[in-house]
Amino acid sequence: MNKVTVDDINFQGRKALLRVDFNVPLDSEQNITDDRRIVASLPTIKKILDDGGMVIACSHLGRPKGKHVAEMSLRPAAIRLWELLGKEVHFAEDCIGPEAANIVGKMKDGDCVLLENLRFHPEEEKNDPEFARKLASLADIYVNDAFGSAHRAHASTQGVTRYFDQSVAGYLMEKELRYLGQALAEPKRPFVAILGGAKISGKIDVITNLMNEVDVLIIGGGMVFTFSKAMGYPIGDSLLEEDKIDLAKEIIENVKGSRAKLVFPADVVVAAEISDTAETKVVDLDKIPDGMKGLDIGPASIKLFADSMAGARTVVWNGPMGVFESKPFAAGTFAVARMLADLTAKGAVTVVGGGDSASAVSKAGLDEKLTHISTGGGASLEFLEGRQLPGVVALTNAAGAGVS
Ligand code: AMP
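Heads up, the working numbering is the position in the sequence shown plus 31, with the first residue counted as 1.
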């Protein structure tokens, strides 16, 4: 699935509808508290503007549920983009209709406009064709740089592409497809996946898909205990998905006939409660005492996981190994982040699916030491499930060139 990218296009004199992810956190006074998503969009915006093209950027912010919610306006993002670009960014108070048409109509080559929150219109999430047509009518070409929204078939991620001759990937999108796509399509082996996080339920399809793709499948985090229960181990008060015990048994059986070797923690850090001052103990996985919760992997597990990953040439990681938000239970997750950094230094391709594992890598200060940290939690999970993302499928295919 090769896609045309912005590098294949000369934007001179053309208006590009650019779907970005400016879903940035705002404080109660509408100040942006983390502008990394805006910073990340700059290379694509600059490429279009430097070509002599015009950028009409659009995004969602929060969940306004189809209504105009002043606190979820993208105006602060327009101001920050202006500061970062060092050139004026015009803001349209609506993403379609006369307001948008008026501002876009006055654009000259090299101009940049940001449209108001797409989700102020319920038609965006409903992928309404008429809304998509109105949005598309503002521009000549479509660029998608919002990988994190590509798993949703919304008007701005999929519907609009019907009205453009060319729908192309921006640099961020290209990078996501290159690393996530290549890791799964042509992995250098050994290929290891590490899955963690709270629940099995959100990751069943990932496990099922990856067990036929990877050589080693390491499981950590809260979902371990439903597997433990399935194996007949005591789990104390650890996280349990009662209704997934049979499924966990099935997975353990199915893995036996798959490519992957399944690795569970050897020991766990337990405590009676989740708190920064909790008293902790390390016990074997099959010896969790009554009244205690398994909240992180223990030192023997860290060693076991490192040994299981030794020599890996591709590693994909999604989900923390414990309740890493709380200091007594963060060591396992940070240790895995360091293992990936070490493997990267030895030439392995290491990819982190967004969300919590990405923020753990950031907290550990290892962002730059890994091959790729995905910006899209949900989208990267769907990728790992082996699904086609509607926002990616909708992009124009390239013959020979582009990214897969
Ligand atoms: P997910 O969104 O499924 O990737 O889950 C992420 C959450 O899992 C984080 O907020 C962690 O605190 C939580 N988590 C990880 N390990 C455990 C555990 N052993 N018990 C309870 N929660 C956990």
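Every residue, glycine too, gets a C-beta built ideally from N, C-alpha and C.
Since this is a predicted model, take the numbers as computed values, not measurements.
Under the criterion of a Cβ to heavy atom distance below 7 angstroms, does residue i qualify as lining the ligand AMP?
i, result
"P351", "yes"
"D66", "no"
"L326", "yes"
"A229", "yes"
"G253", "yes"
"E272", "no"
"F355", "yes"
"D125", "no"
"D236", "no"
"G386", "yes"
"G179", "no"
For residue i, which option in the options has the closest C-alpha, if you only look at C-alpha atoms?
i, options, result
"I87", "K77, A361, K292, L215", "K77"
"R183", "A303, G422, T427, H91", "G422"
"A389", "G378, I225, S405", "S405"
"L316", "A309, S306, L335, D307", "L335"
"R68", "D176, S411, V300, F295", "D176"
"V237", "E114, S198, A410, L49", "A410"
"I110", "I79, K230, C143", "C143"
"L270", "V255, A47, V346, K358", "V255"
"K394", "K377, E413, V367", "V367"
"S59", "F162, E102, A343", "E102"
"R418", "A216, L115, I172", "A216"
"T75", "E154, G350, S104, G201", "G201"
"V346", "N158, V245, G233", "V245"
"F360", "V299, T188, V294, E114", "V299"
"K400", "T375, E416, L203", "T375"
If residue i and residue j are in contact, beta carbons under 8 angstroms, what's the gap, nearest whole angstrom?
i, j, result
"R476", "H91", "The shown model of the chain, from 32 to 435, leaves out residue 476, and the question about it has no answer."
"M323", "A291", "With 8 angstroms as the limit, M323 and A291 do not qualify as a contact, their Cβ atoms being about 30 angstroms apart."
"W348", "G384", "7 angstroms"
"Q197", "V35", "7 angstroms"
"A167", "L48", "7 angstroms"
"G97", "N54", "Going by Cβ atoms, the distance from G97 to N54 rounds to 16 angstroms, so no, they are not a contact pair."
"I333", "G363", "6 angstroms"
"P221", "N148", "Not confirmed; about 45 angstroms, so no contact."
"G253", "G228", "7 angstroms"
"S289", "N243", "5 angstroms"
Starting from residue i and walking both ways along the alpha helix (DSSP H), at which residues does that stretch end?
i, result
"I282", "276-287"
"F162", "160-167"
"L241", "235-241"
"T375", "362-376"
Between which two residues does the beta strand (DSSP E) harbouring residue i extend?
i, result
"T345", "345-349"
"R106", "Premise fails: R106 lies in the alpha helix (DSSP H), 106-116, not in any beta strand (DSSP E)."
"M85", "85-89"
"F222", "222-226"
"T381", "380-383"
Does the beta carbon of residue i sit closer than 8 angstroms to a beta carbon anywhere in chain C?
i, result
"A170", "In the structure shown, chain C does not exist; there is a single protein chain."
Item to check | Any beta strand (DSSP E) of 3 or more consecutive residues that is wholly inside the region 388-412 | outcome: none
Next on the checklist: Extract the residue ranges of the alpha helix (DSSP H) inside the region 295-356, only unbroken runs of 4 or more that lie entirely within it.
Outcome noted: 330-340
Checklist entry - Which runs of the alpha helix (DSSP H) fall wholly inside the region 42-105 and span at least 4 residues, in chain order? => result 67-81
Item to check | Whole runs of the alpha helix (DSSP H) within the region 126-185, excluding any shorter than 4 residues | outcome: 128-136, 153-156, 160-167
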